[in-house]
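Let me begin by presenting the structure, written as structure tokens, before commenting on it.
Protein chains: 2
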Amino acid sequence: MELAAAKLKFIEAWGKLGSEWGINRTMAQVHALLLISPEALTTEEIMKELSISRGNANMTLRDLVGWGLVEKQHKAGERKEYFYADKDTWNIARQVAKERRKRELDPVLKVLEELTNVKGDAKDPEFKTFSKSVKDINKLAKNVDKTLDTMLKAEENWFWSSIFKLFK
Amino acid sequence: MELAAAKLKFIEAWGKLGSEWGINRTMAQVHALLLISPEALTTEEIMKELSISRGNANMTLRDLVGWGLVEKQHKAGERKEYFYADKDTWNIARQVAKERRKRELDPVLKVLEELTNVKGDAKDPEFKTFSKSVKDINKLAKNVDKTLDTMLKAEENWFWSSIFKLFK
DNA sequence: TTAAACTTTCAATAATTATTGAAAGTTTAA
DNA sequence: TTAAACTTTCAATAATTATTGAAAGTTTAA
Chain A
9 MELAAAKLKF IEAWGKLGSE WGINRTMAQV HALLLISPEA LTTEEIMKEL
59 SISRGNANMT LRDLVGWGLV EKQHKAGERK EYFYADKDTW NIARQVAKER
109 RKRELDPVLK VLEELTNVKG DAKDPEFKTF SKSVKDINKL AKNVDKTLDT
159 MLKAEENWFW SSIFKLFK
Chain B
9 MELAAAKLKF IEAWGKLGSE WGINRTMAQV HALLLISPEA LTTEEIMKEL
59 SISRGNANMT LRDLVGWGLV EKQHKAGERK EYFYADKDTW NIARQVAKER
109 RKRELDPVLK VLEELTNVKG DAKDPEFKTF SKSVKDINKL AKNVDKTLDT
159 MLKAEENWFW SSIFKLFK
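Structure below.
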């Protein structure tokens with residue numbers, strides 16, 4: 009396969025995976041493009057490469073910066089902004105986990121915590137099942153939360169940092 | 009909070025979480041409804057409870073059965089089919105992980121594997137960056153895959169089964 | 001100041017995804 | 001067989017989500 013074709017295939021696959029996991033396809037594609045670019049790219053270049061509009065490129069890049077996956081770079085003597093993606097897979101995974109936890113897991117945890125405290129008739133099967141399910145899910149969610157927390161602090165922790173080395 | 013209100017809130021939260029993770033909102037809501045139901049429900053009851061059409065209920069339930077999260081039950085002397093959700097959170101997590109791996113991770117792994125083998129000029133920075141990124145991501149994805157595999161076989165493995173006990 | 005070079009916003013629109021509901025299909029009992 | 005009781009399918013439509021592109025905004029150099 010040609011390098012050019014391989015790049016397209018990678019961008020497509022990354023975009024598809026993203027969209028299956030609730031991440032905007034274009035955002036994943038821009039990220040993919042930057043991941044395989046040795047140099048930082050301009051909005052203009054990204055627009056051309058992926059055939060997307062200026063508005064779309066602009067908002068997508070802003071999101072990626074917001075997710076901590078891409079950084080803005082300024083080149084001396086130039087007006088244009090350049091975008092560069094962190095290429096360390098572990099950082100990428102960590103950033104994504106961090107953001108999704110904050111945006112999605114945390115709010116659900118709050119609701120679950122609240123629902124855990126709903127009182128009712130201990131003899132009512134409706135109540136018993138509700139209560140048990142909510143409590144069980146809450147427990148699992150909390151454990152996931154705790155695990156992610158530990159993961160995100162990996163470098164400070166001998167246990168996880170040794171696990172991570174295996175993954176690198 | 010009233011039990012009825014709490015149920016609605018749970019169904020809503022579960023649906024929202026699902027949709028943020030690329031799972032059809034209605035499917036997540038039906039799952040939530042079944043999770044907190046002590047008894048198996050009929051299509052009719054689910055339709056009424058969530059105000060969805062027969063077609064939608066039917067397809068959603070079929071999907072949930074396909075995901076291994078819900079089972080069909082038949083009651084003696086009745087024509088109607090009943091649906092019952094497994095309430096063991098660990099089984100739920102495991103089933104979801106298993107299905108998503110099969111449906112989404114595996115295909116990506118295949119593409120990555122292929123792209124790993126693209127040959128090119130080792131001095132071309134374009135090629136070098138492409139190659140390195142793809143290889144790194146492949147390595148990570150493979151490790152995730154392996155870890156999930158181990159997780160899914162948890163019960164056969166003393167290490168994971170002891171970890172899982174902490175999670176239950 | 002001005003104007004060129006750039007970025008951002010956002011209403012309109014396009015694309016995608018989910019849902020409906022009626023018709024067709026299936027199963028069972030008699 | 002038949003018909004009642006149920007399930008499934010799928011084209012049409014609705015709802016949601018993503019994208020465009022032009023206008024407005026900002027920054028910089030001179």
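Here the protein sequences come in this chain order: A and B.
Under our numbering, think of the first position of the first sequence as 9, with each following residue one higher.
Under our numbering, think of the first position of the second sequence as 9, with each following residue one higher.
Glycine residues also receive a C-beta, built at the ideal position from the N, C-alpha and C atoms.
Between residue i and chain B, is any beta-carbon pair separated by less than 7 angstroms?
i	result
Phe91 of chain A	no
Ile44 of chain A	yes
Thr34 of chain A	no
Gly128 of chain A	yes
Val116 of chain A	yes
Thr50 of chain A	no
Ala105 of chain A	no
Ala14 of chain A	yes
Please report how far the alpha carbon of residue i lies from the alpha carbon of residue j, in whole angstroms.
i	j	result
Ile153 of chain A	Leu113 of chain A	At residue 153 of chain A the sequence reads Asp, which differs from the Ile that was named. Their backbone Cα atoms lie some 8 angstroms apart in a straight line.
Lys3 of chain A	Thr68 of chain A	Limits of chain A in this structure are 9 at one end and 176 at the other, which puts residue 3 of chain A out of reach.
Ala36 of chain B	Ile19 of chain A	29 angstroms
Lys136 of chain B	Ala130 of chain B	6 angstroms
Val126 of chain A	Gln103 of chain A	35 angstroms
Gln81 of chain A	Lys15 of chain A	23 angstroms
Leu120 of chain A	Ala149 of chain A	9 angstroms
Arg33 of chain A	Leu42 of chain A	14 angstroms
Val78 of chain A	Ala40 of chain A	11 angstroms
Ile60 of chain A	Val38 of chain A	10 angstroms
Lys24 of chain B	Tyr90 of chain A	35 angstroms
Thr124 of chain B	Gly63 of chain B	44 angstroms
Lys106 of chain A	Gly74 of chain A	12 angstroms
Lys143 of chain B	Leu156 of chain A	25 angstroms
Arg70 of chain A	Gly76 of chain A	10 angstroms
Glu122 of chain A	Leu58 of chain B	22 angstroms
Quick check on residue i - is its C-beta less than 7 angstroms from some C-beta in chain A?
i	result
Trp75 of chain B	no
Val38 of chain B	no
Thr124 of chain B	no
Asp144 of chain B	yes
Leu156 of chain B	no
Val78 of chain B	no
Gly30 of chain B	yes
Leu11 of chain B	yes
Ser61 of chain B	no
Thr68 of chain B	no
Would a C-beta distance cut-off of 7 angstroms place residue i and residue j closer than the cut-off?
i	j	result
Met50 of chain A	Lys88 of chain A	Per the sequence shown, the amino acid found at residue 50 of chain A is Thr instead of Met. Cβ atoms of Thr50 of chain A and Lys88 of chain A: closer than 7 angstroms.
Lys95 of chain B	Ser141 of chain A	yes
Glu53 of chain B	Gly30 of chain A	no
Ala128 of chain A	Leu11 of chain B	The residue you asked about is not Ala; residue 128 of chain A is Gly in the sequence shown. In this structure, Leu11 of chain B lies closer than 7 angstroms to Gly128 of chain A by Cβ.
Tyr92 of chain B	Ala65 of chain B	no
Note down, in chain order, every chain B residue with its Cβ under 7 angstroms from the Cβ of residue i.
i	result
Leu25 of chain A	Glu112 and Val116
List the residues of chain A whose Cβ lies closer than 7 angstroms to the Cβ of residue i, in chain order.
i	result
Ala21 of chain B	Val116 and Val119
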